[in-house]
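Novice: End of the sequence shown = 506 in the working numbering, gap-free, step of one.
Where is the CB? At the ideal position from N, CA and C, for every residue including glycine.
If you're wondering where the values come from, they're calculated on a predicted model, not measured in any experiment.
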Amino acid sequence: MDLGLRGRVACVAAASSGLGKASALELAREGARVAICARHEERLLATAREIQETTGADVLPVVADVTRPDEVQRFIAEAANTWGRVDVLVTNAGGPPAGTFEDFSDEDWEAAFRLNFLSTQRLIQAALPYMKTQRWGRIITITSVSAKQVLPNLILSNAIRAGVHGLVKSLAQELGPYNITINAVCPGPILTERLQSLLENAVRTQGITMEEAQSGWVAQIPLGRLGAPHEFGAVVAFLASERASFVNGVLLQVDGGMVKGLL
Numbered sequence: 244m245d246l247g248l249r250g251r252v253a254c255v256a257a258a259s260s261g262l263g264k265a266s267a268l269e270l271a272r273e274g275a276r277v278a279i280c281a282r283h284e285e286r287l288l289a290t291a292r293e294i295q296e297t298t299g300a301d302v303l304p305v306v307a308d309v310t311r312p313d314e315v316q317r318f319i320a321e322a323a324n325t326w327g328r329v330d331v332l333v334t335n336a337g338g339p340p341a342g343t344f345e346d347f348s349d350e351d352w353e354a355a356f357r358l359n360f361l362s363t364q365r366l367i368q369a370a371l372p373y374m375k376t377q378r379w380g381r382i383i384t385i386t387s388v389s390a391k392q393v394l395p396n397l398i399l400s401n402a403i404r405a406g407v408h409g410l411v412k413s414l415a416q417e418l419g420p421y422n423i424t425i426n427a428v429c430p431g432p433i434l435t436e437r438l439q440s441l442l443e444n445a446v447r448t449q450g451i452t453m454e455e456a457q458s459g460w461v462a463q464i465p466l467g468r469l470g471a472p473h474e475f476g477a478v479v480a481f482l483a484s485e486r487a488s489f490v491n492g493v494l495l496q497v498d499g500g501m502v503k504g505l506l
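1) Indicate the three-state DSSP secondary structure (helix, strand or coil) for Ala427 in the structure shown.
2) In chain order, what residues of the same chain lie with their CB nearer than 8 Å to the CB of Ala257, ignoring the 5 residues before and after it?
3) How would you label Leu513, buried or exposed, when you count the other beta carbons within 10 angstroms and need 16 or more for buried?
4) In whole angstroms, what is the alpha-carbon distance linking Ala456 and Val446?
5) Indicate whether Ile383 and Val255 have their beta-carbon atoms separated by less than 7 Å.
6) Can you tell me which of the three DSSP states Ala291 falls into?
7) So, is Leu505 buried or exposed, given that buried needs 16 or more other C-beta atoms within 10 angstroms?
8) Given a threshold of 16 other Cβ atoms within 10 Å of its Cβ, counted over all protein chains shown, does Val305 qualify as buried or as exposed?
9) Measure the C-alpha to C-alpha separation of Ile464 and Met501 and round it to an integer number of angstroms.
10) In angstroms, rounded to a whole number, what distance separates the CA positions of Glu350 and Leu358?
11) Under 7 Å between the Cβ atoms of Ile230 and Phe344?
12) Report buried or exposed for Asn324, applying the criterion of at least 16 other Cβ atoms within 10 angstroms of its Cβ.
13) If Leu270 and Leu248 are in contact, beta carbons under 8 Å, what's the gap, nearest whole angstrom?
14) Between which two residues does the alpha helix (DSSP H) carrying Leu399 extend?
15) By the 10 Å Cβ neighbour count, where 16 or more other Cβ atoms means buried, how is Gly499 classified, buried or exposed?
16) Decide if Met374 is buried, meaning its Cβ has at least 16 other Cβ atoms within 10 Å, or exposed.
17) Determine the DSSP secondary structure at Val497, reduced to helix, strand or coil.
18) Would you kindly check if the distance between the Cβ of Val252 and the Cβ of Asp330 is under 7 Å?
19) Can you check which of these residues, Ser400, Pro432, Ala415, is closest to Leu371 by C-alpha distance?
20) Taking Cβ positions, are Ser484 and Leu246 nearer each other than 7 Å?
21) Can you check DSSP and say which residues form a bridge with Ile367?
22) So, with DSSP's three-state summary, where would you put Leu482?
23) Buried or exposed: where does Leu448 fall if 16 or more other Cβ atoms within 10 Å of its Cβ makes it buried?
24) Quick one: residues in its chain with C-beta nearer than 8 Å to the C-beta of Arg468, no 5 flanking neighbours on either side, listed in chain order?
25) Please report the Cβ distance between Ala341 and Asn444, rounded to the nearest whole angstrom; I am assuming they are in contact, meaning their Cβ atoms lie under 8 Å.
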């Protein structure tokens, strides 16, 4: 299936590893020109080389921290200045630390809000002028199944990512007239460094083995296994495409059936 992404310009945040990298790689496979950002230059440049060598796509690496408003603006501006447009935006950032309500201070809550909510809002704000001028755009926010079915010991993620879903639903109403769609993709247990850190936290705090920690996740998934990053990236690429032109305001979990609720 031709997704109609050849020649499009996609900006993918926090893309040196994990789900951001998987999303950038799948967009590049479909022929998009991809700008990626991350905080650590060496790892970012290595990822850019890998994507270029694997797909032959144009890749623009920009060192940027998505919790810093000026660096968010610079990331989007560099992509637009290089290729003349911004068609696709994938918002992403690392997850906040695990813990329960009484584990966190006001400063911890503010840091989580900056990391997962304000970074999303600022990336969208920076990309919107280009999309509105073109009267075409795709915005995909990477959130978590924790915003649809709360997860134990992840109160920061449960709360903050639900706020991002409210933003997505609101912007779907506001941006539709400009032919801009916005959707959230909610990963479940997918084999990334983030999941590895959650497993290690469970081992430390619960006194269980790594095998027991992993089997606890797998037991919740009807498919009986953890997800692979490329399976998530493929969903992002579809939502960024011409084929998804009537998909708007959706909060789509990619979790092997882990979320049991009807909504």
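Specialist: On the basis of the supplied data:
1) When DSSP states are grouped into helix, strand and coil, Ala427 belongs to the strand group.
2) Gly263, Cys280, Ala281, Val309, Asn335, Ala336, Gly337
3) In the structure as shown, the chain starts at 244 and stops at 506, and residue 513 therefore has no counterpart that could be examined.
4) 7 Å
5) no
6) helix
7) exposed
8) If you draw a 10 Å sphere on the C-beta of Val305, you find 16 or more other C-beta atoms in it, and that means buried.
9) Per the coordinates, the alpha-carbon of Ile464 lies some 5 Å from the alpha-carbon of Met501.
10) Answer to the nearest angstrom: the Cα atoms are 12 Å apart.
11) Given that the chain is displayed from residue 244 to residue 506, the structure contains no residue 230 and the question cannot be resolved.
12) exposed
13) 6 Å
14) 398–418
15) buried
16) buried
17) strand
18) yes
19) Out of Ser400, Pro432, Ala415, Ala415 has the C-alpha closest to the C-alpha of Leu371.
20) The answer is yes: Cβ separation under 7 Å.
21) Looking at the DSSP assignment, Ile367 forms no beta bridge with any residue, so it has no partner.
22) helix
23) It should be pointed out that residue 448 corresponds to Thr in this sequence rather than to Leu. By the 10 Å Cβ count, Thr448 comes out exposed.
24) Val461, Gly499
25) 5 Å
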